[in-house]
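Right, one structure below, let's go through it.
Residue numbers (the working numbering): 761 to 1715.
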């Protein structure tokens, strides 16, 4: 007899649809096994042959945290390319390297946590480098391209599964785990949700990660928007992964819930499916879920919903169908194609901000290259480890020849003298290995320890000359002659041990604090002063009276950076000053900037170079915009930190091998005074970003120059159905082949509510030879011109004239035309029928939006110490109203007026101590028998800490 082949278990049967297979697998999992699935590190289910799984693999601009990989430009640099095809190819390369690295290291995950879709609303945000643009349309276009590359093009299986970060309205590191972003409905729909929505709707997104912050008083990890918005944009199952430690924050720092069981249950019910907490230790999350089940806060069906979403991702990644997974054998890693793509991306990210004709440089130009970043190839927190490295200096050597290039870094070279007359000395390291931070790979690089295999600094009669750099705000690094930075390891000793500043808590930064006749040297990472003992130099213990006392140092400057700069610049044809930031210092995750200004030391170097040689070109290499005076500079360029090929790319652009065509993805403001408060998320009310800013920027959104010139012509438009068709031609009128980034904007001519000054509808980057012409055609959905109508609580296309503007930036408009659109006429708010939701205001001052309940809804309250003012425009009272009711919680006063007139009603709540969610309804008649008829603007004034949820009117 022939033995029969045992039947295939349904969840292993590739002939069945994923949904049925997941149903089958869920039915086989026990409740305890399902509970284990809710942690980031999901254990194996050996009895079913299911492997362990982890969510999360950082891959923002290359595979990060897992050792050597191809390093592409920072995300803001990819945004500056304005090139969706290029970014798609970068995503494809990153996902191929992810697969190749996983084949040799199972710690590498295929559920990648990228891209970052947060809008670059405020340029002082510490994580500016991680986003693409301040504009929702450009952000979604670039993010969609990257996710499509990460996903792959197979109709069923995904190469990697991208998760978008960080949901929602997250642009501050200051108090990021406790601060609430006050986001009114129009800003929510027209700005913050929009970038996520269009990326999710494109179909290459596996999920999102909620942000640490709160929105309207409610933590993002229990946000109803996950259900009300995110999951309505696609039919695919979306996996929501918490940010690291955020579930615990719900209780420990935000105090939003009393117990972790309540918090965990609320997060699951809101839509969080995977909990990233306590590292690889899942026991605490498992215990919290079990506790929530025991208390009836969760059911097994709730867990099924979350587990289903994780399994959906795992099935799409081919885990259960290894024979059919088209990406299973992917081995592309550090290939010539990937290296070429890294260089192409770095070239396309360079933005020429100003050029009076000094660029491009002739082949025989004698160049002096100076600056703190001239011989650096900086990485950031979400970079991989470099396999290849090109600094600006190396790129110039390669392109122009070392004999034509002079170099001065411009650091201050100093000695630190002790009270005893000795000097800080870096001893020779005997038999020390040459280690590079992160080269070994780490699931959490925050756990990488400092080196202790090198001898600590000592005090000696002959000191070691240290390179001192002030990165701004008094934050210094000190570097030994061998290139190693002074750093502090866990044992507290100071060593010259770090190849670069880095780590979650940077251990390579110091402050010099004036004290008596010298300076104390404070180590920023520990907050302690440096002391000198018989056993070496270390940070003083917490109590200086019972430990080594802090040393008082005399700072002796051997050479100022400006002197070194002058020495090499005067005989050069052109000086290139390379300035910018270190991505681990003063502006990074956990740390916002405080100013747009260049650090003072770099400003001094720039002035010294310019004074010595007027042909001074400034190349800014930074993760964010600066405000600086460029009037006396003949040329200025900007690039984000460009990855492994940054130096080669910059040299090729300077030489004219490549015509620059990067464009600014965010406004460069002229002064700190132009900025709103960091926590002011009302882009409409406070006129933020190019959409609403009414001042004069240093450089506008979309700006970037070329070595060629381009003419625009033939702008035409027509409407067919629900689509606006726009076309125009571009001609290269210059004498070099170059890229142009054509940008199409719109403006509502006669809006009934404040609308953007102009708003990006579409763009395209094209390459044109001299004399070549091309026609660009765009199909714009009419929904792109809609706005969120507060009166009706939905999107509406306003009828009337819309101006179409085509050009090379948001301000460099070359062509204009007006199109008349049909739409839905505006209507006043029917307040007798619906009343007014407190948060649906048109204008406000002194008001914050807060949570109406812990699960849904918004309310408004006066900001602490202020009187809140609210305006609701065009309210229709119909035949008449004589009475007002308010739904309020807490103690305070609500005053009502119409059209800015006298107070018509005053309602006082005495419910002190009743809690923020204990709402009551108060009512009052209008004064002196007043009857409100017709259409009026309603003005409300809030006094005290009460919360206003709703206002009603009756006859």
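Ideal placement from N, C-alpha and C gives every residue a C-beta, glycine not left out.
Whole-angstrom distance between residue j and residue i, CA atom to CA atom
| i | j | result |
| --- | --- | --- |
| residue 1150 | residue 1405 | 5 angstroms |
| residue 1042 | residue 1036 | 9 angstroms |
| residue 1720 | residue 791 | As displayed, the chain neither begins before 761 nor continues past 1715, which places residue 1720 out of reach and without an answer. |
| residue 1306 | residue 1187 | Bear in mind that a pLDDT of 47 at residue 1306, under 50, signals an unreliable position, so the number given afterwards is only what the model happens to contain. Their Cα atoms are separated by approximately 28 angstroms. |
| residue 1077 | residue 852 | 15 angstroms |
| residue 1502 | residue 1539 | 14 angstroms |
| residue 815 | residue 1350 | 23 angstroms |
| residue 1275 | residue 1312 | 7 angstroms |
| residue 915 | residue 862 | 22 angstroms |
| residue 1602 | residue 869 | 46 angstroms |
| residue 1610 | residue 1667 | 20 angstroms |
| residue 1261 | residue 1286 | 15 angstroms |
| residue 1393 | residue 1377 | 6 angstroms |
| residue 1570 | residue 1518 | 7 angstroms |
| residue 1547 | residue 859 | 42 angstroms |
| residue 796 | residue 856 | 29 angstroms |
| residue 1384 | residue 1430 | 14 angstroms |
| residue 1403 | residue 1371 | 32 angstroms |
| residue 1103 | residue 1221 | 48 angstroms |
| residue 789 | residue 900 | 38 angstroms |
| residue 998 | residue 986 | 10 angstroms |
| residue 818 | residue 1297 | 37 angstroms |
6 angstroms Cβ shell around residue i - same chain, five flanking residues per side excluded
| i | result |
| --- | --- |
| residue 1388 | 1358 |
| residue 905 | 844, 847 and 848 |
| residue 1133 | 1338, 1340 and 1381 |
| residue 902 | 839, 847 and 892 |
| residue 793 | 805 |
| residue 1423 | 842, 1462, 1464 and 1501 |
| residue 1712 | 1595 and 1645 |
| residue 769 | none |
| residue 1258 | 1245, 1247 and 1268 |
For residue i, the residue or residues it bridges with in DSSP
| i | result |
| --- | --- |
| residue 923 | 967 |
| residue 1114 | 1396 |
| residue 1279 | 1274 and 1313 |
| residue 1341 | Beta-bridge pairing links residue 1341 to no other residue. |
| residue 1560 | 1581 |
| residue 1524 | 1502 |
| residue 1492 | 1470 |
| residue 1444 | BP columns for residue 1444 are empty, so no partner. |
Residues near residue i by beta carbon distance below 7 angstroms, same chain, minus five either side
| i | result |
| --- | --- |
| residue 1443 | 881, 947, 951, 1449, 1451 and 1452 |
Buried versus exposed call for residue i [16 or more other C-beta atoms within 10 Å across all chains shown]
| i | result |
| --- | --- |
| residue 1691 | exposed |
| residue 1015 | exposed |
| residue 921 | buried |
| residue 1567 | buried |
| residue 1139 | buried |
| residue 1180 | exposed |
| residue 822 | buried |
| residue 1190 | exposed |
| residue 1650 | buried |
| residue 1718 | A query on residue 1718 cannot be resolved here, the shown segment of the chain reaching from 761 to 1715 and no further. |
Close Cβ partners of residue i (< 8 angstroms) along its chain, the five nearest in sequence each way excluded
| i | result |
| --- | --- |
| residue 939 | 932, 973, 974 and 1439 |
Heavy atom of the ligand PLP within 7 angstroms of residue i beta-carbon
| i | result |
| --- | --- |
| residue 973 | In terms of ligand content, the structure shown is empty, and the ligand PLP therefore cannot be addressed. |
C-beta neighbour in chain B for residue i, strict 8 angstroms
| i | result |
| --- | --- |
| residue 963 | Among the protein chains of the structure shown there is no chain B, as only one such chain exists. |
Three-pair Cβ contact test at 8 angstroms for the region 925-934 versus the region 968-981: In short, these stretches touch, since the Cβ pair count reaches three.
Three CB pairs or more closer than 8 angstroms across the region 1589-1598 and the region 1622-1638: Yes: the two stretches touch, three or more of their Cβ pairs being nearer than 8 angstroms.
The region 829-841 in contact with the region 799-815 per 3-pair CB rule at 8 angstroms: At 8 angstroms Cβ cutoff, the stretches do not touch.
Cβ pair count under 8 angstroms reaching 3, the region 1647-1662 against the region 1690-1705: Output reads yes: the region 1690-1705 touches the region 1647-1662.
The region 1208-1220 contacting the region 1248-1262, beta-carbon criterion three pairs below 8 angstroms: Under the three-pair Cβ rule at 8 angstroms, the region 1208-1220 counts as touching the region 1248-1262.
Cβ contact (3+ pairs, closer than 8 angstroms) linking the region 1429-1446 and the region 1542-1553: No: fewer than three Cβ pairs fall under 8 angstroms.
Given 8 angstroms, three or more beta-carbon pairs between the region 1061-1070 and the region 1025-1040: The answer is yes - the region 1025-1040 touches the region 1061-1070, with three or more Cβ pairs under 8 angstroms.
Contact between the region 1409-1417 and the region 1115-1122 (3+ Cβ pairs under 8 angstroms): With contact defined as three or more Cβ pairs closer than 8 angstroms, the region 1409-1417 and the region 1115-1122 are in contact.
Contact between the region 820-837 and the region 1157-1165 (3+ Cβ pairs under 8 angstroms): With the cut-off at 8 angstroms, the region 820-837 and the region 1157-1165 do not touch.
Given 8 angstroms, three or more beta-carbon pairs between the region 1047-1062 and the region 778-789: No: fewer than three Cβ pairs fall under 8 angstroms.
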